[in-house]
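Residue numbers (full-length UniProt numbering): 1 to 440.
In structure tokens, the structure reads:
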């Protein structure tokens, strides 16, 4: 019997609902370039205003999703952005469709508009930014004053909808107290990423405590952040990502934090080098109650070119020691591990001998790791459920296509077919991509 023939047909109303849902889920975002053009030209020619309005209306009615990932406010277009917000009739009705508000550039030192004036103007329209969940701050060279940003935070519905805050490139906070005060009104903040603060002595901060729902933290150094996280009533942090060159005190703070009863990390990302392996070994294994389910180790110092191949060949083998260290340190709670090789590959011309040397060194390293992952450490740790190798390069796609670097990549991929997963991307811009690959 053909069961498909007996299945009842969906009603037209249900089919229409499914189609609408499918459109809502799959509708693409408008290109960021179009968003930039709307901001740049919508304050001038009325025809452009009407065209932008028609585009936004058409997309907003067919897709209940964010159309614009980022609304950038940065020099040299800050004047257009300011006029854009000052004239409600020219915003084309797309403000509710913005997901990320990105403020970058040294806007506080511009003579014609200071931060207070700009934020007051933005605050007058903040009730229309109903879709914004992420704020990005970049290159604001003067210290951020809570009173100044209070214009933006003073609208409770807006501050309550912010779940992600990113601050980098000279966004300055003198200490963790200032940072805590800055984010205190973001009651639902779940993701905090910053390279603007490295605190080694957070004592004396009466208001020291992270946001109550903080789920993910990304910082350059962990020294000092341990005390900040320990001040929380409950341990809500599930993802901890460290980048940069970590000192010994960061590893010590990390070891103490993970050893705290109640701390459970689903994802831990560490930048490591040979000295980092030594520091980890010195820490010893974590207590039996510690829970770390996924560890991502990022090697950001691998450099292959005609002058560095002799240096790289032996360094390929310390990856085996690195993985072994992770298996011994994190104990039986560890389910997944990943090794990310972020290469800087200039378009040098490689000889056949150089290509053979690089692929041979990599193949020997991968085979040793394969054995370790498949059988585990018989005295310390059972086999992992999954081990991922991510190959990434920051080289521009055009350079990649025109250089012989592609031959090296193909050689590595040929030697690594035994891997559970092998991912490669021409140009890696966002660490979120790495995280998605490992946890997919």
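Cβ atoms here follow ideal geometry from the backbone N, Cα and C, with glycine treated the same way. From a predicted model like this one, the values you see are computed outputs, not experimental measurements.
Residue span of the beta strand (DSSP E) that contains residue i, given as start and end
| i | result |
| --- | --- |
| residue 161 | Per DSSP, residue 161 belongs to no beta strand (DSSP E); it is in the alpha helix (DSSP H), 156-161. |
| residue 168 | 164-168 |
| residue 217 | 216-219 |
| residue 178 | Counting along the chain, residue 178 falls outside any beta strand (DSSP E), though it belongs to the alpha helix (DSSP H) covering 176-183. |
| residue 239 | 239-242 |
| residue 193 | 191-194 |
| residue 271 | 267-271 |
| residue 137 | 134-138 |
Sequence-distant residues of its chain with Cβ nearer than 8 Å to residue i (five each side left out)
| i | result |
| --- | --- |
| residue 232 | 209, 210, 212, 214 |
| residue 189 | 162, 163, 164, 165, 183, 211, 213, 214 |
C-alpha gap between residue i and residue j, whole angstroms
| i | j | result |
| --- | --- | --- |
| residue 261 | residue 229 | 13 Å |
| residue 99 | residue 250 | 34 Å |
| residue 244 | residue 129 | 34 Å |
| residue 101 | residue 266 | 28 Å |
| residue 192 | residue 275 | 28 Å |
| residue 242 | residue 120 | 35 Å |
| residue 285 | residue 137 | 38 Å |
| residue 185 | residue 337 | 36 Å |
| residue 388 | residue 297 | 10 Å |
| residue 254 | residue 175 | 19 Å |
| residue 289 | residue 327 | 16 Å |
| residue 224 | residue 248 | 13 Å |
| residue 157 | residue 149 | 15 Å |
Residue i - containing alpha helix (DSSP H), residue span
| i | result |
| --- | --- |
| residue 104 | Per DSSP, residue 104 belongs to no alpha helix (DSSP H); it is in the beta strand (DSSP E), 98-104. |
| residue 226 | 225-230 |
| residue 260 | No alpha helix (DSSP H) holds residue 260; DSSP gives it neither H nor E. |
Selection from the options that minimises the alpha carbon distance to residue i
| i | options | result |
| --- | --- | --- |
| residue 227 | 99, 252, 248 | 252 |
| residue 139 | 196, 175, 154, 101 | 196 |
| residue 283 | 266, 245, 329, 136 | 329 |
| residue 187 | 153, 218, 219, 175 | 153 |
| residue 246 | 240, 239, 272 | 272 |
| residue 155 | 125, 136, 180 | 125 |
| residue 331 | 340, 384, 339, 298 | 384 |
| residue 123 | 336, 185, 254, 151 | 151 |
| residue 159 | 127, 218, 223, 222 | 127 |
| residue 222 | 287, 234, 240 | 240 |
| residue 220 | 269, 340, 95 | 269 |
Proximity below 9 Å, CB of residue i to CB of residue j
| i | j | result |
| --- | --- | --- |
| residue 264 | residue 295 | no |
| residue 168 | residue 134 | no |
| residue 237 | residue 256 | no |
| residue 293 | residue 259 | no |
Nonlocal neighbours in the same chain, by C-beta distance under 7 Å from residue i, ignoring five residues either side
| i | result |
| --- | --- |
| residue 325 | 277, 280, 281 |
| residue 22 | Confidence is the limiting factor: at residue 22 the pLDDT is only 37, short of 50, which leaves the residue's position unreliable and the question unanswerable from this model. |
| residue 401 | Per-residue confidence for residue 401 stands at a pLDDT of 49, beneath the threshold of 50, marking its modelled position as unreliable; no derived number is given. |
Sequence-distant residues of its chain with Cβ nearer than 6 Å to residue i (five each side left out)
| i | result |
| --- | --- |
| residue 287 | 259 |
| residue 235 | 262, 263 |
| residue 218 | 193, 241 |
| residue 335 | 293, 385 |
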